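Here's the structure we're looking at; comments come further down.
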Amino acid sequence: MRPQYHLFTIEDFLEDDFFLEWVKYRTQVSEEFWNEWILQQPANLSVMQEAEASLRFLLSVQRITPEESLATNLWAQIQKDINDQEEQVIALHPQPRKWILVAASIVALLVCVWVLNTQYWGNEFVRTGYGQTRTITLPDSSIITLNANSSVSYPKRWKWTDDSRTVHLKGEALFHVKHLNQDTNAIKESERFVVQTDAIEVEVLGTVFNIKERRGLSQIALQSGRIQVKGRRSREDSFELKPGESAKYDIQRRVWEKKDTAVESATAWTEQKLALSNTTVSDIIHELEDTYGYTVVLEDEQLGRRRIDGAIPMKNEKSILFVLSNILNVKIERKDSVLIFKKRKR
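By full-length UniProt numbering, the letter at position 95 of the sequence shown is numbered 95, and the numbering carries on one by one without gaps.
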C-alpha cells in the first residue's frame with residue numbers, strides 16, 4: 001500500500017524510495033503511478049514538483065575533484081599550521097588558526113560553486129503531464145511546443161558559452177529552431193542545434209520539424225529547412241531529410257524507413273487534432289494511452305484491426321471518447337484509469 005502522498009512535505013518526498021525511483025530511473029511502474037497522481041491535481045502538487053526539481057538539481061551536480069598535488073599541499077599546510085600553533089604559548093586572546101581560515105575559504109568556494117551551478121550550470125528541465133501541452137522559449141529564442149506526457153532538458157549555460165545548443169527530448173515535441181549560422185559551409189560549434197532522444201540524434205540548421213519517440217519507435221517529420229538524422233546506438237552514417245519527408249526508426253531492430261509524408265498529419269496534435277490516414281484503432285488507442293494516461297481494454301480484439309480516415313478533435317479526453325464511441329459504435333466504460341470498449345447491445 002502506497003503512503004498518503006497528498007499529505008507529504010518536501011522532506012517526505014525526498015526521503016521516499018518510490019519517489020526517488022521515479023525521478024532517477026523512470027521505471028514503468030513509477031511512471032504510471034506518478035503520472036496518475038499528478039493527473040488528480042492534489043493540493044500539494046507544487047510541493048511535489050519542488051521536491052522533484054530539488055532532487056534533479058542534486059543529481060545533476062558534478063563532483064569537483066581537485067588535483068592530487070593541490071590536495072597534498074593543502075593537507076601539508078594544515079598539518080604545519082597545527083604544529084606551529086602547538087609550539088606557541090597560548091595568548092590571552094588567541095588569534096584564529098590559519099587552518100580554520102583555510103577551511104572557511106574552502107566552504108566559501110563550495111558555496112560559490114553551488115550558486116553558479118544553480119544559476120548558470122546544470123540543466124533546465126520542463127515536463128508536461130497527461131493531457132497537457134506547453135510552449136517553451138529557449139535562450140536562443142528557438143521555440144519548442146511540448147506534447148502531453150513529454151519532457152525536455154537543456155543546459156543553462158547556453159547564454160555564456162560557445163557550446164552547441166543541445167536539447168534532450170522524451171516523448172513528442174514540435175521544434176521551431178532559430179537560424180544562427182551565417183555560412184552553411186563553415187558552421188561554428190555554437191551555431192549547431194542538436195536534438196537527442198534516447199535512440200536518435202537530429203542536427204538542425206534553421207528548421208521546423210516534429211519528433212516523436214514512444215513505444216519503441218522514433219519518428220521525425222520535416223516541415224521546413226534541413227536536418228541530419230542518425231541513430232545514437234548504431235554506427236550507421238547520418239542522412240538528410242528534406243521538407244515534406246519523414247523517417248521512422250525501429251529502435252529494437254535498428255532499422256530506418258524514410259518516406260514522403262503529409263507533415264500536417266504529424267503536427268496535427270498542436271491544433272488539438274488527431275489526423276488519421278488508414279490508421280488502425282490499435283494505433284489510436286496507443287495515442288489515447290500516451291496522451292491521457294489511460295489503459296484501454298477491448299472487449300472484441302478484432303476492433304483493434306479496424307482502420308479509420310479523417311480527423312478526431314483532441315481538446316480533452318471527453319471529446320475524443322465521445323467521437324470514438326460513435327465512430328466505432330461501442331460503449332466506453334471508465335473504471336479509474338482503465339477504459340473498457342464494449343459492443344453496444346442492439
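Beta carbons are placed, not taken as given, at the ideal position from N, Cα and C, and that holds for glycine.
In this text the structure is predicted, and so the values were computed from the model without any measurement.
1. Is Lys-345 helix, strand or coil by DSSP?
2. For Val-263, I'd like the list of residues in its chain whose CB is within less than 6 Å of its CB, leaving aside the five on either flank, ordered along the chain.
3. Lys-343 and Val-323: beta carbons closer than 8 Å?
4. Look at the alpha carbon of Arg-306 and the alpha carbon of Ile-332, and state the distance between them as a whole number of angstroms.
5. Three Cβ pairs or more, each shorter than 8 Å: is that satisfied between the region 236 to 254 and the region 288 to 300?
6. Nearest to Glu-240 by alpha carbon, out of Glu-31, Ser-150, Thr-207, Asp-250?
7. Rank Glu-21, Lys-258, Asp-309, Val-297 by C-alpha distance to the C-alpha of Thr-279 and give the top, closest one.
8. Is DSSP giving Leu-92 helix, strand or coil here?
9. Out of curiosity, what's the CA-to-CA distance linking Phe-19 and Gly-244?
10. Whose C-alpha, out of Asp-336, Glu-299, Val-195, is nearest the C-alpha of Lys-345?
11. Only counting the same chain, and skipping five residues up and downstream in sequence, which positions put a Cβ closer than 6 Å to that of Glu-213?
12. Under a three-way DSSP split, which group does Glu-257 fall into?
13. Going by other Cβ atoms of all chains shown within 10 Å of its Cβ, with 16 needed for buried, is Thr-267 buried or exposed?
14. If Ser-142 sits next to Phe-193, beta carbons under 8 Å apart, how far is it from one beta carbon to the other, in whole angstroms?
15. Hey, how far is the Cα of Arg-165 from the Cα of Val-296?
16. Please work out which residues of its chain come closer than 8 Å, Cβ to Cβ, to Gln-35, disregarding the five sequence neighbours upstream and downstream, and give them in chain order.
17. By DSSP, does Leu-174 sit in helix, in strand, or in coil?
18. Is the distance from the Cβ of Ile-211 to the Cβ of Glu-271 below 8 Å?
19. Just grab the DSSP bridge partners of Lys-248 for me.
20. For Gln-272, name the three-state secondary structure that DSSP assigns.
21. Is the beta carbon of Met-1 within less than 7 Å of some heavy atom of the ligand MN?
22. Quick check on this structure: which residue in Ala-311, Thr-137, Phe-125, Tyr-249 has the alpha carbon closest to the alpha carbon of Arg-215?
23. For the beta strand (DSSP E) that Asp-309 lies in, which residues bound it at each end?
24. Below 8 Å on the Cβ atoms is my guess for Ile-200 versus Gly-231; work out the distance and round it to an integer in Å.
According to the structure data:
1. The residue you call residue 345 lines up with position 345 of the sequence shown. Lys-345 falls in the coil class under three-state DSSP.
2. Taking the first residue of the sequence shown as position 1, residue 263 is located at position 263. Only Ala-221, Gln-223 meet the Cβ criterion.
3. Working through the sequence shown from its first residue, we reach residue 343 at position 343. Working through the sequence shown from its first residue, we reach residue 323 at position 323. Contact flag unset, no.
4. Position 306 of the sequence shown, counted from the start, is the residue given in the question as residue 306. Position 332 of the sequence shown, counted from the start, is the residue given in the question as residue 332. Straight-line Cα distance between these residues: approximately 17 Å.
5. Below 8 Å, too few C-beta pairs join the region 236 to 254 and the region 288 to 300 to call them touching: fewer than three.
6. Taking the sequence shown and counting its residues from 1, the one referred to as residue 240 is at position 240. Among Glu-31, Ser-150, Thr-207, Asp-250, the Cα nearest to that of Glu-240 belongs to Thr-207.
7. For the purposes of this step, residue 279 is identified with residue 279 of the sequence shown, where counting begins at 1. Among Glu-21, Lys-258, Asp-309, Val-297, the Cα nearest to that of Thr-279 is on Asp-309.
8. One-based indexing of the sequence shown puts residue 92 at position 92. Note on Leu-92: pLDDT 42, under 50, position unreliable in the model; the coordinate value appears next. Under the three-state reduction of DSSP, Leu-92 is assigned to coil, being neither helix nor strand.
9. Within the sequence shown, the letter at position 19 stands for residue 19. Within the sequence shown, the letter at position 244 stands for residue 244. Going from the Cα of Phe-19 to the Cα of Gly-244 covers about 42 Å.
10. For the purposes of this step, residue 345 is identified with residue 345 of the sequence shown, where counting begins at 1. Restricting attention to Asp-336, Glu-299, Val-195, the CA atom closest to the CA of Lys-345 is found in Glu-299.
11. Position 213 of the sequence shown, counted from the start, is the residue given in the question as residue 213. Once the five neighbours on either side are set aside, the close Cβ partners of Glu-213 are Thr-197.
12. Counting from one through the sequence shown, the residue named residue 257 turns up at place 257. The answer is strand: DSSP assigns Glu-257 an E or B state.
13. Reading the sequence shown from its first residue, position 267 is the one you call residue 267. Label assigned to Thr-267: buried.
14. Numbered from 1 along the sequence shown, position 142 holds the residue referred to as residue 142. Numbered from 1 along the sequence shown, position 193 holds the residue referred to as residue 193. Between Phe-193 and Ser-142 the Cβ distance is about 7 Å, and since that is below 8 Å, they are a contact.
15. Residue 165 sits at position 165 when you count from the first residue of the sequence shown. Residue 296 sits at position 296 when you count from the first residue of the sequence shown. Approximately 39 Å, taken between the alpha carbons.
16. In the sequence shown, counting from the first residue as 1, residue 35 sits at position 35. For the record, residue 35 in the displayed sequence is Asn; it is not Gln. For Asn-35, where only same-chain residues beyond five positions count, the Cβ hits under 8 Å are Gly-129, Tyr-130, Asn-149, Gly-293.
17. For the purposes of this step, residue 174 is taken as residue 174 along the sequence shown, with counting starting at 1. DSSP places Leu-174 in strand when its eight states are reduced to three.
18. On the sequence shown, position 211 is the one that residue 211 refers to. On the sequence shown, position 271 is the one that residue 271 refers to. Contact flag unset, no.
19. As a first step, residue 248 must be located in the sequence shown, where it is residue number 248. Answer by DSSP bridge pairing, in chain order: Gln-219, Glu-257.
20. The residue you call residue 272 lines up with position 272 of the sequence shown. Reduced to three states, the DSSP call for Gln-272 is coil.
21. Judged by which ligands are present, the structure shown has none, so any question about the ligand MN falls away.
22. The residue given as residue 215 occupies position 215 in the sequence shown. Of the candidates Ala-311, Thr-137, Phe-125, Tyr-249, the one whose C-alpha sits nearest the C-alpha of Arg-215 is Tyr-249.
23. Taking the sequence shown and counting its residues from 1, the one referred to as residue 309 is at position 309. Its beta strand (DSSP E) spans residues 307 to 313.
24. Counted from its first residue, the sequence shown places residue 200 at position 200. Counted from its first residue, the sequence shown places residue 231 at position 231. In this structure Ile-200 is in contact with Gly-231, their Cβ atoms being roughly 6 Å apart against a cut-off of 8 Å.
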